[in-house]
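**Student:** Residue numbers for the sequence shown follow the numbering used here, so the first one is 1 and each next one is one higher.
All C-beta atoms in this analysis are idealised placements derived from N, C-alpha and C, irrespective of residue type, glycine included.
This one's a predicted model, so the numbers in the text were calculated from it and none came from an experiment.
Take a look at this one; I'll ask things after.
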Amino acid sequence: MKLLSFIHQGRETWGALVGPDAIVDLGKAMPQYPTLTDYIASGAYLQASTHVANKTADVRLADITFLPVIPKPEKIVCAVRNYMDHHQEVLAAGMHRELSQEPPIFLRVWRSQVAHGQPIICPKVSDSLDWEGELAVIIGKEGRNIPEAQAFDHVAGYSCYNDGSVREWQFHAKQIASGKNFEATGGFGPWMVTADEIAPNQQLKLVTRLNGEVVQSSHTGHMIFSIAKLISYASTIFTLVPGDVIATGTPAGVGWSRKPAWFMKPGDVCEVEIEGIGTLVNPIAAQA
1 MKLLSFIHQG
11 RETWGALVGP
21 DAIVDLGKAM
31 PQYPTLTDYI
41 ASGAYLQAST
51 HVANKTADVR
61 LADITFLPVI
71 PKPEKIVCAV
81 RNYMDHHQEV
91 LAAGMHRELS
101 QEPPIFLRVW
111 RSQVAHGQPI
121 ICPKVSDSLD
131 WEGELAVIIG
141 KEGRNIPEAQ
151 AFDHVAGYSC
161 YNDGSVREWQ
171 FHAKQIASGK
181 NFEATGGFGP
191 WMVTADEIAP
201 NQQLKLVTRL
211 NGEVVQSSHT
221 GHMIFSIAKL
231 ISYASTIFTL
241 VPGDVIATGT
251 PAGVGWSRKP
261 AWFMKPGDVC
271 EVEIEGIGTL
281 VNPIAAQA
């Protein structure tokens, strides 16, 4: 099942995609769950197919404004250099980084996200806004100190993420969060696919395109630290709660490592396509 958050006729709501251009507005049909996060937290999402079975689609995809799948997650946990080919291209580009024994992570804030179809914003202070196509994991069940063997019990679903990075701000210090949290630089969407449709550890093809040209092409089997490891590690630090997002890292092909470097500019369009999920599309615009 594909679940999404959106605006329809001026009202924020959420629902299920039941056809190429057909949505059941579950936020209206099930007011006890005001948001998709509430629906996930209740565990009711596990019966999503039943909840839409006898309902008529009442919203057209063409008539909505997408919201980030989870508009205001408590935490967006992001993995750093979690694909071996990306780690190697970073070294080749002159950055000295050793492989970590444990997953290096940082946090994004929710205001750094934008939805499918909404512009990713190039900040005034930089010309180095880079793409990073990633698989996003949405947490479905609260947990602390989650063993790796139980990690997938806590996954509600998967989505596409573009971990847009303002490179020179990222490199101001060893802690990279400043370059990862400019407002409206990370794309998230268009929807989440529930975990029952994607097997644990299934290798999913990931392709990023800029203006139609393929700039990244890989699959999730190349991760250094598995999804289960990322969940277990993060949950050792803090309690993971429903609606939390884990962005699992990007493969090789980012613009910064190229010679000459290649970055997103106003007027560009960036797409992140993941097998079995869909395609996240964001135009690039200048900060007003």
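1. Quick one: what's residue 211 bridged to in DSSP?
2. Run through DSSP, which three-state label would residue 188 get?
3. Taking residue 1 as the reference, which of 195, 261, 151, 237 has the closest Cα?
4. Just confirm the distance between the C-beta atoms of residue 216 and residue 208, as a whole number of angstroms; I'd bet it's less than 8 Å.
5. At what residue ranges does the region 44-95 contain a whole run of the alpha helix (DSSP H), taking only runs of 4 or more?
6. For residue 17 versus residue 133, is the C-beta spacing smaller than 7 Å?
7. For residue 175, count neighbouring Cβ atoms within 10 angstroms of its own Cβ and tell me buried if that reaches 16, exposed if not.
8. Since residue 281 and residue 269 are thought to touch, with beta carbons under 8 Å apart, how far apart are those beta carbons, to the nearest angstrom?
9. Taking the runs of the alpha helix (DSSP H) that are 4 residues or longer, which of them lie wholly in the region 197-256?
10. On the CB-based measure, 16 or more other CB atoms within 10 Å of its CB, does residue 99 come out buried or exposed?
11. What number of angstroms, rounded off, separates the C-alpha of residue 239 from the C-alpha of residue 143?
12. Select from 106, 26, 116, 63 the residue whose C-alpha is nearest the C-alpha of residue 75.
13. Excluding the five sequence neighbours on either side, which residues of its own chain have a C-beta within less than 8 Å of the C-beta of residue 20, listed in chain order?
14. Going by alpha carbons, who is nearest to residue 233 out of 251, 173, 149, 131?
15. Here's a check: name, in chain order, each residue in its chain whose Cβ is nearer than 6 Å to the Cβ of residue 85, leaving out the five neighbours to either side.
16. Throw me the rounded Cβ distance for the residue 67 and residue 12 pair, which I believe falls under 8 Å.
17. Using 8 Å as the Cβ pair cut-off and three pairs as the minimum, do the region 219-234 and the region 43-57 touch?
**Tutor:** So, from the data block:
1. Within the sequence shown, the letter at position 211 stands for residue 211. In the DSSP output, where bridge partners are listed per residue, residue 211 has none listed.
2. Indexing the sequence shown from 1 puts residue 188 at position 188. Of the three classes helix, strand and coil, the one that applies to residue 188 here is strand, per DSSP.
3. Taking the sequence shown and counting its residues from 1, one reaches residue 1 at position 1. With distances taken between Cα atoms, residue 1 lies closest to 195.
4. On the sequence shown, residue 216 is found 216 positions in, with the first residue counted as 1. On the sequence shown, residue 208 is found 208 positions in, with the first residue counted as 1. About 4 Å; that satisfies the 8 Å criterion.
5. 48-53, 84-92
6. Reading the sequence shown from its first residue, position 17 is the one you call residue 17. Reading the sequence shown from its first residue, position 133 is the one you call residue 133. The answer is no: Cβ separation not under 7 Å.
7. In the sequence shown, residue 175 corresponds to position 175, counting from 1. Flag for residue 175 reads exposed.
8. Taking the first residue of the sequence shown as 1, we reach residue 281 at position 281. Taking the first residue of the sequence shown as 1, we reach residue 269 at position 269. That belief holds up - the Cβ atoms of residue 281 and residue 269 are roughly 7 Å apart, short of 8 Å.
9. 227-237
10. Counting from 1 along the sequence shown, the entry for residue 99 is found at position 99. Exposed, by the Cβ-count rule.
11. Taking the first residue of the sequence shown as 1, we reach residue 239 at position 239. Taking the first residue of the sequence shown as 1, we reach residue 143 at position 143. Going from the Cα of residue 239 to the Cα of residue 143 covers about 6 Å.
12. Position 75 of the sequence shown holds residue 75. Residue 106 is the option with its Cα nearest to residue 75.
13. To locate residue 20, count along the sequence shown from 1; it is residue 20. Excluding sequence neighbours, residue 20 sits near 61.
14. For the purposes of this step, residue 233 is taken as the residue at position 233 of the sequence shown. Checked all of 251, 173, 149, 131; the closest Cα to residue 233 is 149.
15. What you label residue 85 is simply residue 85 of the sequence shown in a count that begins at 1. Same-chain partners within the cutoff: 251, 252.
16. For the purposes of this step, residue 67 is taken as residue 67 along the sequence shown, with counting starting at 1. For the purposes of this step, residue 12 is taken as residue 12 along the sequence shown, with counting starting at 1. Confirmed, about 7 Å.
17. no
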